[in-house]
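All remarks here apply to the structure that follows.
Protein chains in written order, with the working numbering: chain A, 1 to 283; chain B, 1 to 379.
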């Protein structure tokens with residue numbers, strides 16, 4: 001901190017943190033509801049995690065241990081950049097080990113390792129409104145949420161089935177939270193959706209540019225939208241990690257040559273490392 | 001084999017070093033000073049201060065230098081600094097009537113109290129590249145301006161003249177409106193009041209507003225505008241601390257103000273009259289102030305019962321997309337890795353293609369079967 005005397009702990013001033021915490025509390029009290037908040041301009045661009053960063057800054061304490069992932073990996077450039085930002089402005093301990101972290105900020109993934117009650121998962125959200133691509137107007141979508149008027153979403157899913165035989169949404173797959181609000185889980189693959197249900201960890205979602213915070217309190221029912229005769233199905237990737245041999249996790253496909261060669265490996269790099277060290281699989 | 005790349009941290013550090021080197025350019029060329037940028041790139045500084053929503057020429061100059069001349073990047077730098085500043089109160093609404101005028105023109109009256117004052121404008125220059133300027137010459141004499149130092153003119157707002165006859169609607173009065181909301185401290189909610197819309201437009205992207213204003217002139221929400229008045233000059237700002245009970249001057253800012261006067265044919269409840277579109281920005285920027293006034297007027301379409309659904313009249317569309325710091329961030333975030341989403345899409349696409357092929361094969365065999373049956377029937 002000595003080289004940055006002009007900035008408060010975790011960058012944001014205490015008034016701003018208080019404003020954000022109030023929005024978070026409201027969001028927790030109304031699971032899945034998009035709470036407007038006075039999002040600040042952050043020193044990183046909109047669309048690069050400013051919502052998640054503000055939520056993390058507002059809840060971060062000196063004893064917290066922070067993990068930041070992007071695409072499941074601790075080492076992607078933007079995850080590195082955000083982790084560095086908090087290491088610099090808050091001086092908190094950081095980790096790549098999922099079980100050791102008290103706060104995990106994520107973009108596009110939920111860690112493979114089960115989360116615990118001592119943890120908070122902070123999602124970076126680009127477009128918080130699950131109905132946005134069906135109805136561009138905020139005035140309309142807010143009304144639809146208020147009236148639980150989710151017909152257009154069900155029609156969209158039905159049309160998918162009529163056209164393709166199944167629901168053609170692979171990520172940002174809409175969920176219903178606590179039997180009330182339809183919510184965008186952020187652009188996580190639908191593979192991760194079941195992890196949100198009854199999760200012991202608090203899940204917070206921050207959308208900076210769109211100025212919205214929403215939350216899933218611990219042990220809340222989260223259901224992926226589906227139909228009785230077309231139940232939700234997790235994406236299955238018929239392959240195993242070429243590093244740790246895991247088959248039950250989300251795998252990234254990697255192009256290995258220009259001859260169409262492909263390999264698969266864990267998207268969650270920490271999970272992959274832990275599996276390798278425990279099974280002794282060679283890397 | 002390929003192993004997921006490690007070393008993001010090192011890569012970022014190196015990228016920053018490269019950036020710093022390229023920012024400096026050829027070290028044999030003298031480095032730009034903040035003073036030079038502030039004094040000689042004044043219109044760039046004006047734009048950065050206006051859209052950065054912070055009146056601080058030195059910091060704006062620093063931002064322009066640090067951003068390598070990328071003005072939206074400079075605006076972003078200034079915004080990110082502004083957001084950390086404490087707010088100790090609101091200034092007394094500024095009185096642009098009392099502006100010390102550098103430029104003031106009206107396109108609706110030939111002559112008027114206070115006169116037409118051209119001031120420092122590009123308007124009547126011939127856009128011919130000036131070879132003399134190509135050579136930096138400290139010995140070049142500073143241009144002498146005729147009649148400079150004449151008595152400052154008292155220049156009432158031109159629309160007041162029409163106002164006396166009741167031909168033009170009353171101006172929006174910031175002092176009366178008592179707008180408590182600050183766009184940067186409260187999330188924007190729709191429908192927004194005109195004061196909030198003006199806040200958003202004042203910091204909105206010049207190019208975006210220019211294009212929208214232009215679209216109204218070309219028929220997408222025509223407003224029949226006249227440039228009632230454009231004025232540029234310094235306006236004093238003051239603050240009234242509650243414990244003192246009187247105004248304390250804080251300093252002066254240069255602003256550009258534009259009042260458009262627009263035709264209005266009247267409605268069931270309102271007599272025909274002229275209406276106003278208002279633009280006001282930090283520094284000298286007529287393009288921005290005029291565009292803002294056009295868009296402000298277009299956004300009043302609902303209030304005046306003339307809405308026709310064009311983009312410039314659509315409050316949600318305009319206000320949600322006019323901020324260039326937000327826009328550039330979200331457009332450019334597509335550079336961030338999306339492998340996970342892409343992987344999920346890949347899996348979906350493969351499945352969709354398999355299904356499609358299967359359906360097609362089924363249909364073909366069904367068609368063939370039908371054709372055979374027909375042939376048999378024909379026999």
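Glycine included, every Cβ here is placed at the ideal spot set by N, Cα and C.
Close-in-space but distant-in-sequence residues of the same chain around residue i (CB under 8 Å, 5 per side omitted)
i: residue 251 (chain B); result: 236, 237
i: residue 43 (chain B); result: 283, 284, 285
i: residue 64 (chain B); result: 37, 41, 44, 45, 48, 71, 74
i: residue 185 (chain B); result: 87
Strand pairing of residue i, partner residues [DSSP]
i: residue 274 (chain B); result: B:168, B:263
i: residue 100 (chain B); result: B:234
i: residue 122 (chain A); result: A:105, A:204
i: residue 227 (chain B); result: B:260
i: residue 272 (chain A); result: Per DSSP, none; premise fails for residue 272 (chain A).
i: residue 214 (chain A); result: A:205
i: residue 254 (chain B); result: B:234
i: residue 8 (chain A); result: A:11
i: residue 153 (chain A); result: Note: residue 153 (chain A) sits in no beta bridge, so no partner.
i: residue 230 (chain A); result: A:227
Residue burial classification, residue i (beta-carbon count within 10 angstroms, cutoff 16)
i: residue 153 (chain B); result: exposed
i: residue 156 (chain B); result: exposed
i: residue 108 (chain A); result: buried
i: residue 171 (chain A); result: buried
i: residue 377 (chain B); result: exposed
i: residue 123 (chain B); result: exposed
i: residue 85 (chain A); result: buried
i: residue 284 (chain A); result: For residue 284 (chain A) there is no data in the structure shown, the boundaries of chain A being 1 and 283.
i: residue 280 (chain B); result: buried
i: residue 184 (chain A); result: buried
i: residue 3 (chain A); result: Because the pLDDT at residue 3 (chain A) is just 45, under 50, the model does not fix this residue reliably, and the point stays unresolved.
i: residue 49 (chain A); result: buried
i: residue 26 (chain B); result: exposed
i: residue 258 (chain A); result: exposed
i: residue 174 (chain A); result: buried
i: residue 270 (chain A); result: buried
i: residue 58 (chain B); result: exposed
i: residue 320 (chain B); result: buried
i: residue 110 (chain B); result: exposed
i: residue 206 (chain B); result: buried
Neighbouring residues, chain A, relative to residue i (Cβ below 8 Å)
i: residue 346 (chain B); result: 253
i: residue 352 (chain B); result: 164, 168
i: residue 333 (chain B); result: 45, 46, 47, 48, 126
i: residue 168 (chain B); result: Here the premise fails: no neighbours, minimum Cβ distance about 31 Å.
Neighbourhood of residue i by C-beta, 6 Å cutoff - its chain only, sequence neighbours within 5 removed
i: residue 199 (chain B); result: 183
i: residue 14 (chain A); result: none
i: residue 39 (chain A); result: 208, 211
i: residue 105 (chain A); result: 52, 56, 68, 122
i: residue 98 (chain A); result: 111, 113, 270
Within chain A, the residues that residue i reaches when beta carbons sit closer than 9 Å
i: residue 47 (chain B); result: By Cβ distance, chain A contributes nothing, its closest Cβ being about 17 Å from residue 47 (chain B), past 9 Å.
i: residue 328 (chain B); result: 45, 46, 47
i: residue 79 (chain B); result: 41
Beta-carbon neighbours of residue i, restricted to chain B and to distances below 8 Å
i: residue 7 (chain A); result: 84
i: residue 267 (chain A); result: 339, 340, 343
i: residue 138 (chain A); result: 190, 316, 320
i: residue 63 (chain A); result: The premise fails here: residue 63 (chain A) is roughly 24 Å from chain B at the closest Cβ pair, so nothing lies under 8 Å.
i: residue 13 (chain A); result: 84, 86
i: residue 190 (chain A); result: 344
i: residue 33 (chain A); result: By Cβ distance, chain B contributes nothing, its closest Cβ being about 14 Å from residue 33 (chain A), past 8 Å.
Contact set between residue i and chain B, taken where Cβ atoms lie within less than 7 Å
i: residue 78 (chain A); result: 336
i: residue 187 (chain A); result: 341
Contacts around residue i, its chain only, beta-carbon distance under 7 Å, and the 5 residues preceding and following it disregarded
i: residue 373 (chain B); result: none
i: residue 381 (chain B); result: The question about residue 381 (chain B) has no answer here: the residues shown for chain B are numbered 1 through 379.
i: residue 328 (chain B); result: 72
i: residue 2 (chain B); result: Bear in mind that the predicted position of residue 2 (chain B) carries a pLDDT of just 38, short of 50, making it too unreliable to give a figure here.
i: residue 364 (chain B); result: none
Partner residues on chain A for residue i, Cβ-Cβ distance less than 7 Å
i: residue 8 (chain B); result: 75, 76, 77, 80
i: residue 339 (chain B); result: 71, 252
Chain-ordered neighbours of residue i on chain C, where CB pairs are closer than 7 Å
i: residue 38 (chain A); result: Of the protein chains in the structure, A and B, none is chain C.
In chain order, what residues of the region 178-195 of chain B put their CB closer than 8 Å to some CB of chain A? 184, 185, 186, 187, 188, 189, 190, 191
At a Cβ cut of 9 Å, what residues of the region 10-42 of chain B count as close to chain A, listed as they run along the chain? 11, 12, 15
Proximal residues, the region 215-247 of chain A versus chain B, C-beta separation under 9 Å: 235, 236, 237, 242, 243
By the 7 Å beta-carbon criterion, what residues does the region 100-113 of chain A contribute toward chain B? 108, 109
Interfacial residues, the region 199-211 of chain A to chain B, with Cβ spacing under 8 Å: 209, 211
When Cβ atoms are compared, which residues of the region 53-68 of chain B fall closer than 7 Å to chain A? none
Any C-beta of chain A within less than 8 Å: which residues of the region 295-313 of chain B qualify? none
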